[in-house]
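S.K.:
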Amino acid sequence: MYDIKALYEADSVQHAVQLLLEHPEAVIIAGGSDVLIKIREGKLAGRELISIYGLDELRGIRKEEDGTIRIGSLTSFRHITADPIIRKHLSVLGEAVDMVGGPQIRSIGTIGGNTCNGVTSADSASTLFSLDAVIEITGPDGIRLVPIEQFYLGPGKVDLRAGELQTSILIAKDSYIGYKGHYIKYGMRNAMEIATTGCSVNVKLSRDKKTVRDIRIGYGVAGPVPLRARHTEDVIRGCAVSAETRSRIGEEVREDVHPRDSWRAAKDFREHLCSTMAMRAFTEAVRKSGGEIDD
Numbered sequence: 002m003y004d005i006k007a008l009y010e011a012d013s014v015q016h017a018v019q020l021l022l023e024h025p026e027a028v029i030i031a032g033g034s035d036v037l038i039k040i041r042e043g044k045l046a047g048r049e050l051i052s053i054y055g056l057d058e059l060r061g062i063r064k065e066e067d068g069t070i071r072i073g074s075l076t077s078f079r080h081i082t083a084d085p086i087i088r089k090h091l092s093v094l095g096e097a098v099d100m101v102g103g104p105q106i107r108s109i110g111t112i113g114g115n116t117c118n119g120v121t122s123a124d125s126a127s128t129l130f131s132l133d134a135v136i137e138i139t140g141p142d143g144i145r146l147v148p149i150e151q152f153y154l155g156p157g158k159v160d161l162r163a164g165e166l167q168t169s170i171l172i173a174k175d176s177y178i179g180y181k182g183h184y185i186k187y188g189m190r191n192a193m194e195i196a197t198t199g200c201s202v203n204v205k206l207s208r209d210k211k212t213v214r215d216i217r218i219g220y221g222v223a224g225p226v227p228l229r230a231r232h233t234e235d236v237i238r239g240c241a242v243s244a245e246t247r248s249r250i251g252e253e254v255r256e257d258v259h260p261r262d263s264w265r266a267a268k269d270f271r272e273h274l275c276s277t278m279a280m281r282a283f284t285e286a287v288r289k290s291g292g293e294i295d296d
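In this text, residue positions in the sequence shown follow the numbering used here: the first is 2, and each later residue adds one.
1. Is residue 144 near the ligand MG - that is, is its Cβ less than 6 Å away from at least one heavy atom of it?
2. DSSP three-state call for residue 200: helix, strand or coil?
3. Examine the Cβ distances between the segment 68–79 and the segment 36–50 and report whether three or more of them are shorter than 8 Å.
4. Any idea which residues DSSP pairs residue 139 with across the strands?
5. Measuring only the C-alpha atoms, how far is residue 100 from residue 198?
6. Decide if the segment 95–114 is in contact with the segment 204–218; the criterion is three or more beta carbon pairs, one per stretch, under 8 Å apart.
7. I'd like to confirm the pairing. Which residues does DSSP put opposite residue 212 in its beta bridges?
8. Which of the three DSSP states, helix, strand or coil, is assigned to residue 42?
9. On the CB-based measure, 16 or more other CB atoms within 10 Å of its CB, does residue 148 come out buried or exposed?
10. Judging by CA-CA distance, which residue of 3, 60, 71 and 259 is the nearest neighbour of residue 176?
11. Which whole runs of the alpha helix (DSSP H) in the segment 214–288 are 4 residues long or more, in chain order?
12. Look at residue 27 and residue 53 and say whether their C-beta atoms are less than 7 Å apart.
13. Go to residue 90, then tell me how far its alpha helix (DSSP H) extends in each direction, as first and last residue.
14. Spell out a yes or no on whether the segment 225–236 and the segment 111–129 are touching, meaning 3 or more CB-CB pairs, one atom from each, closer than 8 Å.
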């Protein structure tokens with residue numbers, strides 16, 4: 002059923018690095034929810050696999066002394082959603098990964114695997130973009146820290162070099178303190194569906210809840226890789242919390258997104274989704290922040 006040339010099991014991160022150097026064509030496997038499917042489809046048939054599933058050092062979530070939240074790359078979606086640190090500080094990320102697949106996939110699928118696939122439809126990606134996440138990569142030369150926007154190089158391609166593996170995802174204190182966010186996923190079904198488009202909006206409001214001090218808008222399936230709506234963010238930052246601002250977001254994001262036609266959705270439909278979803282996610286993020294938009 003599975004055409005696998007060989008399976009090596011790493012007993013530490015450094016052992017995984019060593020195995021990757023010794024077997025440069027090998028593929029990392031953790032939960033296996035993506036890799037095993039690709040093997041069955043023939044896309045990775047006959048490949049060597051390096052299992053890091055047993056590396057508990059890459060599991061779990063903790064807040065470091067400087068306030069940075071560290072998410073181990075082998076942390077499952079289910080554990081992320083249930084974690085008290087996530088619930089308190091990054092609930093939008095918990096919401097996003099809770100939309101991945103079904104319960105079985107969320108129990109074995111890992112956030113590291115979700116991001117290392119390099120696909121634009123990953124449910125975690127748009128929210129991690131809106132949180133200015135940093136990817137921690139360990140390799141033969143030590144540790145590299147790469148902003149997530151630089152980690153995605155192209156469709157299915159990420160910045161992992163020879164002998165490297167992703168070990169953690171880092172969210173700095175300044176990226177979540179005072180922010181509230183909301184993620185919306187559009188698909189043809191309510192469950193077990195790859196996103197047609199995904200949108201994550203994080204906002205920080207003024208003390209009186211009347212002004213948008215900062216806004217971050219992340220998208221999936223709005224271009225070849227996940228992206229930030231930087232133009233729109235610059236336009237909206239400092240605007241009043243109002244229905245007019247919400248409408249302007251819907252107009253401006255069309256300058257940032259670059260969807261394409263595919264068998265799953267037409268380009269103009271995705272553009273409409275990007276506009277509508279940003280407005281709805283903004284409304285909900287404002288509500289979570291204690292603000293209100295008068296229609």
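Glycine included, every Cβ here is placed at the ideal spot set by N, Cα and C.
M.R.: In terms of the structure at hand:
1. The ligand MG is not part of the structure shown, which contains no ligands of any sort.
2. strand
3. no
4. 144 and 166
5. 13 Å
6. no
7. 241
8. helix
9. exposed
10. 71
11. 231–237 and 244–253
12. no
13. 85–90
14. yes
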